[in-house]
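Below: the structure, in structure tokens.
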Amino acid sequence: MSSTKHITQGGQVFSYMLNMFMQVNKRVSFWLIWFFVIFLPLFFWLRLPWETIRNGGLYWWLSLTARGEKALYRVPPVYDIPWNGQVLHATSEQILKDDYMVWAGNMFLQELYLALFWASVAVGVLAFLIFRFLRRLGEKQAQDERIGGRELTDDVKAVAREMRRRGEASSICIDKLPLLLNSEVQYLMMYGTPGAGKSNTLNKLLKQIRARGDMAIIYDKGCSLIKKHFSEQDDVLLNALDRRCAYWDMFREFESIPDFDSAANTLIPMGTKEDPFWQSSARTIFSAVAYRQKKNGIHSYNALLRTLLAIDLKALRDYLAGTEASNLVEEKVEKTAISIRSVLTNYVKALRYLQGIERTGRRPFTIREWMSTVNDPQITRHGWLWVTSNARQHESLKPLISMWLAQAANCLLGMGENQHRRIWFIYDELPSLNKLPELPGVLAEARKFGGCFVLGFQAKAQMDYTYGKEFADAMLGLVNTRYFFRSPSSTEAEWVQREIGQRRDKVFSEQYSYGADTVRDGVSFSKVEEDRYLVNYTDIQKLPNLHCYVTFPGEYPAVRMRMSYEKIKDCAEELLLRDINDSLDPEIESEITRREDEDGDIAALLDRIAQGDVRKDDEQNKTESQAGQAESLNNPVLAAAVSGTGESSPVEEKTPVAELTEIVDKETGEILYPDDEQYDELCRDSGQAQEAMRQDERNLVSHRSHQDEREPLDDMNWG
Numbered sequence: 015m016s017s018t019k020h021i022t023q024g025g026q027v028f029s030y031m032l033n034m035f036m037q038v039n040k041r042v043s044f045w046l047i048w049f050f051v052i053f054l055p056l057f058f059w060l061r062l063p064w065e066t067i068r069n070g071g072l073y074w075w076l077s078l079t080a081r082g083e084k085a086l087y088r089v090p091p092v093y094d095i096p097w098n099g100q101v102l103h104a105t106s107e108q109i110l111k112d113d114y115m116v117w118a119g120n121m122f123l124q125e126l127y128l129a130l131f132w133a134s135v136a137v138g139v140l141a142f143l144i145f146r147f148l149r150r151l152g153e154k155q156a157q158d159e160r161i162g163g164r165e166l167t168d169d170v171k172a173v174a175r176e177m178r179r180r181g182e183a184s185s186i187c188i189d190k191l192p193l194l195l196n197s198e199v200q201y202l203m204m205y206g207t208p209g210a211g212k213s214n215t216l217n218k219l220l221k222q223i224r225a226r227g228d229m230a231i232i233y234d235k236g237c238s239l240i241k242k243h244f245s246e247q248d249d250v251l252l253n254a255l256d257r258r259c260a261y262w263d264m265f266r267e268f269e270s271i272p273d274f275d276s277a278a279n280t281l282i283p284m285g286t287k288e289d290p291f292w293q294s295s296a297r298t299i300f301s302a303v304a305y306r307q308k309k310n311g312i313h314s315y316n317a318l319l320r321t322l323l324a325i326d327l328k329a330l331r332d333y334l335a336g337t338e339a340s341n342l343v344e345e346k347v348e349k350t351a352i353s354i355r356s357v358l359t360n361y362v363k364a365l366r367y368l369q370g371i372e373r374t375g376r377r378p379f380t381i382r383e384w385m386s387t388v389n390d391p392q393i394t395r396h397g398w399l400w401v402t403s404n405a406r407q408h409e410s411l412k413p414l415i416s417m418w419l420a421q422a423a424n425c426l427l428g429m430g431e432n433q434h435r436r437i438w439f440i441y442d443e444l445p446s447l448n449k450l451p452e453l454p455g456v457l458a459e460a461r462k463f464g465g466c467f468v469l470g471f472q473a474k475a476q477m478d479y480t481y482g483k484e485f486a487d488a489m490l491g492l493v494n495t496r497y498f499f500r501s502p503s504s505t506e507a508e509w510v511q512r513e514i515g516q517r518r519d520k521v522f523s524e525q526y527s528y529g530a531d532t533v534r535d536g537v538s539f540s541k542v543e544e545d546r547y548l549v550n551y552t553d554i555q556k557l558p559n560l561h562c563y564v565t566f567p568g569e570y571p572a573v574r575m576r577m578s579y580e581k582i583k584d585c586a587e588e589l590l591l592r593d594i595n596d597s598l599d600p601e602i603e604s605e606i607t608r609r610e611d612e613d614g615d616i617a618a619l620l621d622r623i624a625q626g627d628v629r630k631d632d633e634q635n636k637t638e639s640q641a642g643q644a645e646s647l648n649n650p651v652l653a654a655a656v657s658g659t660g661e662s663s664p665v666e667e668k669t670p671v672a673e674l675t676e677i678v679d680k681e682t683g684e685i686l687y688p689d690d691e692q693y694d695e696l697c698r699d700s701g702q703a704q705e706a707m708r709q710d711e712r713n714l715v716s717h718r719s720h721q722d723e724r725e726p727l728d729d730m731n732w733g
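Numbers given in our numbering equal positions in the sequence shown, counted from 1, plus 14.
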């Protein structure tokens, strides 16, 4: 049945199309014949004089009718023959034998044949033009008509020529495709799955930035860029685990409490689901302690970490007295303070890797002072600031790295407006950092300060997770030049499909109708406006390596391009590990380890706090007592104080106290060694210090004992 239906449909359509084709040919042939009738005498008359045409025509007329004249006429008729302005008279017999008349007859026949030929050629050419016009008209009617949107092309050279013709081509080129002039301050984006070509594009870009002498701040998560572009002479490296790391002085970097607040916002990021109270409180305590330490002239990471993590809550309350953070560590909210401190530990512990950095012999370094050199007219070639990590230590360093990069972005806005300078911020694998709260605002303003941001990431979902969908969309909406490499995920590929854009077309639609009566046969067509994507999402999924789609600001088309691989020799080591074991404070390390073992990761801790899954009061008191004992035993000085009370402890037998070779300055928090000037003075006062700590331990035990007696009553609301 289906075959019969198809044959019927095919036959009806073919019959209708044949009839329509013949109808068109009839109309065209009618006019072509008329043109032939016009062209033939026209060409004939143009090639022969009228005199020759008349005499030649007479010659051929008489050659056909001369025999009949003898039967009609007794006296042969005489014909007038014009020749050179004269009129000659001759009979038909004389005309047929005259040489001139024979020549005129031959010319007449020759030019008639030529006129037929050229008239046929003219009509043939005219027929070709008519049918070509009709074909193109039909093709145009059947084609979709573009009325708006963006075009897609793979002709890279044509786009580059158009940019140069308009004077809008930048000196920065990725292969043969230049950026738009000054579009670097409208930011670039590198998107795609690992291995698709993002790093290759960054290598090409970094070579040109170095040649221009521009300043750059580069975040290199995998250390894949630093080994190809690092200059020991010109560049600065920030990686707490690398022995080439500069001596970054946080207390010199941040000048006021708002600066410390800004640093805390990045060091301790706000979660997307948890109660913001805990991170906000941890930020407040960090800012207050760090700023007070700066005011006291103590530029020591060890002292900062001891104050934040190691000293007991009573000492911390005394230290924060008179600050906005004092209410967060009050004795009446001690349980809350313990939870806040646990949150604080999880993020601030990244600073412990900076302990001992001041003993490297390098001069103090600040990002703020380094970036200010871009305004020095004496310097024409600027170095780069590298912020690196590798996969194994990245999670430990992430808060610190995020704080460095956020500080660099904030410093840009304090340098004064200048649209002629160029400071590059290259953030490869941006979602691998903590949320940079100021980054959306910096992107909105950086153009006026000469900031050129290059954002690299593997998936839009990563940006949504780190920044939230609204913030991520707002940030990416400020990026104008985009490189889209392969994405195997259909969801991600559909996002790329939408970002590359659409074109608005009038789409051709054709409909056939047929029936038993020829009156019902017909065809109709129409054009409907429709939006179409330039690429299908499967086109993004199957892109080969080093192939990408590029979109530019303005009216330029989207370009599909194939990049060449950039081979660059290694010029530096990826990572030269620093021996940090000699710099770490054992007391701080043990405190961090204890809290990690007790509370688990930060997400689990905040979940327990949010769900109200806290220990019973008696269990909490027991844990606090054990924590206090562990803190005392972990501290060699406190362990000595406990042993001095005359109590016997099995822990002391299993963990003997080693002979002290270093002393902690309790005022500054610094670790002093026998070579230091104040070491001998502190040794003389050690007896008094131990006695004071014994008294603190007795007070702490007494306070907890009374608390154990009161808290069961509090649970019953009895006072």
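Every residue, glycine too, gets a C-beta built ideally from N, C-alpha and C.
Query raised in the report: Between residue 62 and residue 107, is the Cβ-Cβ spacing less than 7 Å?
Result: Taking the sequence shown and counting its residues from 1, one reaches residue 62 at position 48. Taking the sequence shown and counting its residues from 1, one reaches residue 107 at position 93. Against a cut-off of 7 Å, the Cβ pair of residue 107 and residue 62 comes out as no contact.
Query raised in the report: Between the Cα of residue 93 and the Cα atoms of 73, 78, 82, which residue gives the shortest distance?
Result: For the purposes of this step, residue 93 is identified with residue 79 of the sequence shown, where counting begins at 1. Measuring from the Cα of residue 93, the nearest candidate turns out to be 73.
Query - Counterpart residues of residue 256 in DSSP-defined beta bridges - result: Walking along the sequence shown from the start, residue 256 turns up at place 242. 591.
**Report entry** Environment of residue 585 [buried if 16+ CB atoms lie within 10 Å]
**Finding:** For the purposes of this step, residue 585 is taken as residue 571 along the sequence shown, with counting starting at 1. Result: exposed.
Report task. Output the boundary residues of the alpha helix (DSSP H) element that contains residue 249. Result -> Taking the first residue of the sequence shown as position 1, residue 249 is located at position 235. Careful: residue 249 lies outside any alpha helix (DSSP H) and carries neither H nor E.
Query raised in the report: Three or more C-beta pairs closer than 8 Å, one from the segment 373-391 and one from the segment 420-434: is that the case here?
Result: yes
**Report entry** Where residue 665 falls: helix, strand or coil (DSSP)
**Finding:** Translated into positions along the sequence shown, residue 665 becomes position 651. Confidence at residue 665 is low in this model, with a pLDDT of 32, below 50, so its placement is unreliable and no value can be given for it.
Requested in this report: Compute the Euclidean distance between the alpha carbons of residue 200 and residue 461, then round it to the nearest angstrom.
Outcome: Here residue 200 refers to the residue found at position 186 when the sequence shown is read from its first residue. Here residue 461 refers to the residue found at position 447 when the sequence shown is read from its first residue. Going from the Cα of residue 200 to the Cα of residue 461 covers about 7 Å.
**Report entry** Residue range of the alpha helix (DSSP H) that includes residue 336
**Finding:** Against the sequence shown, residue 336 aligns to sequence position 322. Unbroken run through residue 336: none, as it is neither H nor E.
Report task. Would you check if the distance between the CB atom of residue 351 and the CB atom of residue 601 is smaller than 7 Å? Result -> By 1-based counting over the sequence shown, the position of residue 351 is 337. By 1-based counting over the sequence shown, the position of residue 601 is 587. Contact: no.
Query raised in the report: Just to confirm, are residue 136 and residue 54 a CB contact at a threshold of 7 Å?
Result: The residue given as residue 136 occupies position 122 in the sequence shown. The residue given as residue 54 occupies position 40 in the sequence shown. No, these two residues do not count as a Cβ contact at 7 Å.
Query raised in the report: Is residue 549 helix, strand or coil when you go by DSSP?
Result: As a first step, residue 549 is located in the sequence shown; it is residue number 535 there, counting from the start. Secondary structure of residue 549 (DSSP, three-state): coil.
Query raised in the report: Quick one, are the C-beta atoms of residue 203 and residue 192 less than 7 Å apart?
Result: Here residue 203 is taken as the residue at index 189 of the sequence shown, counted from 1. Here residue 192 is taken as the residue at index 178 of the sequence shown, counted from 1. For residue 203 and residue 192, no; Cβs fall outside 7 Å.
Report task. Give the single residue among 303, 242, 582, 138 whose Cα lies nearest to the Cα of residue 362. Result -> The sequence position of residue 362 within the sequence shown is 348, counting from 1. That would be 303, whose Cα lies nearest to the Cα of residue 362.
**Report entry** Rounded separation between residue 118 and residue 95 - CA only
**Finding:** For the purposes of this step, residue 118 is taken as the residue at position 104 of the sequence shown. For the purposes of this step, residue 95 is taken as the residue at position 81 of the sequence shown. One C-alpha to the other measures close to 11 Å.
Query - Beta-carbon spacing of residue 210, residue 550 below 7 Å - result: Looking up residue 210 in the sequence shown gives position 196. Looking up residue 550 in the sequence shown gives position 536. No; because the gap between Cβ atoms is not below 7 Å, this pair is not in contact.
Report task. In the DSSP assignment, find the alpha helix (DSSP H) that holds residue 458 and state where it starts and stops. Result -> If you number the sequence shown from 1, residue 458 lands on position 444. Its alpha helix (DSSP H) spans residues 453-459.
Report task. Spatial neighbours of residue 57 within its chain, please: CB distance less than 7 Å, with the 5 preceding and 5 following residues excluded, ordered by chain position. Result -> Here the question's residue 57 lines up with position 43 in the sequence shown. Closer than 7 Å at the Cβ level, and outside the excluded window around residue 57, lie 129, 132, 133.
Query raised in the report: So what does residue 422 bridge to, in DSSP terms?
Result: Locating residue 422 in the sequence shown gives position 408, where the first residue counts as 1. DSSP lists no beta-bridge partner residue for residue 422.
**Report entry** Beta-bridge partners of residue 520, as assigned by DSSP
**Finding:** Working through the sequence shown from its first residue, we reach residue 520 at position 506. DSSP lists 159, 543 as partners of residue 520.
Query - Identity of the residue in 113, 228, 101 nearest residue 396 by Cα - result: For the purposes of this step, residue 396 is identified with residue 382 of the sequence shown, where counting begins at 1. Relative to residue 396, the option among 113, 228, 101 whose CA is nearest is 228.
Requested in this report: Report the rounded CA-to-CA distance for residue 232 versus residue 564, giving the unit in angstroms.
Outcome: Start at 1 with the first residue of the sequence shown, and residue 232 comes out as number 218. Start at 1 with the first residue of the sequence shown, and residue 564 comes out as number 550. Between residue 232 and residue 564, the C-alpha separation is close to 22 Å.
Report task. Enumerate, from N- to C-terminal direction, the unbroken alpha helix (DSSP H) stretches of 4 or more residues contained entirely within the segment 300-351. Result -> 315-319, 327-333
Query raised in the report: residue 180: buried (16+ other C-beta within 10 angstroms of its C-beta) or exposed?
Result: As a first step, residue 180 is located in the sequence shown; it is residue number 166 there, counting from the start. Result: exposed.
Report task. Would you tell me roughly how many angstroms separate the C-alpha atoms of residue 522 and residue 479, rounded to the nearest one? Result -> Residue numbering aside, residue 522 sits at position 508 when the sequence shown is read from its first letter. Residue numbering aside, residue 479 sits at position 465 when the sequence shown is read from its first letter. Each residue's Cα considered, the two are about 43 Å apart.
Query raised in the report: Going straight from the alpha carbon of residue 463 to that of residue 382, what length do you get?
Result: Counted from its first residue, the sequence shown places residue 463 at position 449. Counted from its first residue, the sequence shown places residue 382 at position 368. Cα to Cα, residue 463 sits roughly 15 Å from residue 382.
Query raised in the report: Looking only at its own chain, which residues have a Cβ that is under 7 Å from the Cβ of residue 160, when we skip the five neighbours before and after it?
Result: On the sequence shown, position 146 is the one that residue 160 refers to. For residue 160, where only same-chain residues beyond five positions count, the Cβ hits under 7 Å are 517, 519.
Query - residue 391 - containing beta strand (DSSP E), residue span - result: Here residue 391 refers to the residue found at position 377 of the sequence shown. Counting along the chain, residue 391 falls outside any beta strand (DSSP E), and DSSP gives it neither H nor E.
Query - Where residue 380 falls: helix, strand or coil (DSSP) - result: On the sequence shown, position 366 is the one that residue 380 refers to. In this structure, residue 380 counts as coil in the three-state DSSP scheme.
Report task. In the DSSP assignment, find the beta strand (DSSP E) that holds residue 284 and state where it starts and stops. Result -> In the sequence shown, the residue the question calls residue 284 occupies position 270. Looking at the DSSP string, residue 284 is not in any beta strand (DSSP E), and its letter there is neither H nor E.
Query raised in the report: Helix or strand or just coil, what does DSSP make of residue 496?
Result: Mapped onto the sequence shown, residue 496 falls at position 482. It is a strand residue.
Requested in this report: Would you identify the three-state DSSP class for residue 201, choosing helix, strand or coil?
Outcome: Your numbering for residue 201 matches position 187 in the sequence shown. Of the three classes helix, strand and coil, the one that applies to residue 201 here is coil, per DSSP.
Report task. Check whether the Cβ atoms of residue 589 and residue 249 lie closer than 7 Å to each other. Result -> Along the sequence shown, read from residue 1 onward, the residue named residue 589 stands at position 575. Along the sequence shown, read from residue 1 onward, the residue named residue 249 stands at position 235. Against a cut-off of 7 Å, the Cβ pair of residue 249 and residue 589 comes out as no contact.
Requested in this report: Kindly indicate which three-state DSSP category residue 434 falls into: helix, strand or coil?
Outcome: Here residue 434 corresponds to residue number 420 of the sequence shown, with the count starting at 1. Looking at residue 434 - three-state DSSP - the assignment turns out to be coil, as it is neither helix nor strand.
Report task. Taking only runs that begin and end inside the segment 161-198, name each unbroken alpha helix (DSSP H) of 4 or more residues, in chain order. Result -> Qualifying alpha helix (DSSP H) stretches, in chain order: 170-180.
Report task. Inspect the CB distances between the segment 414-427 and the segment 444-453 and report whether three or more fall short of 8 Å. Result -> yes
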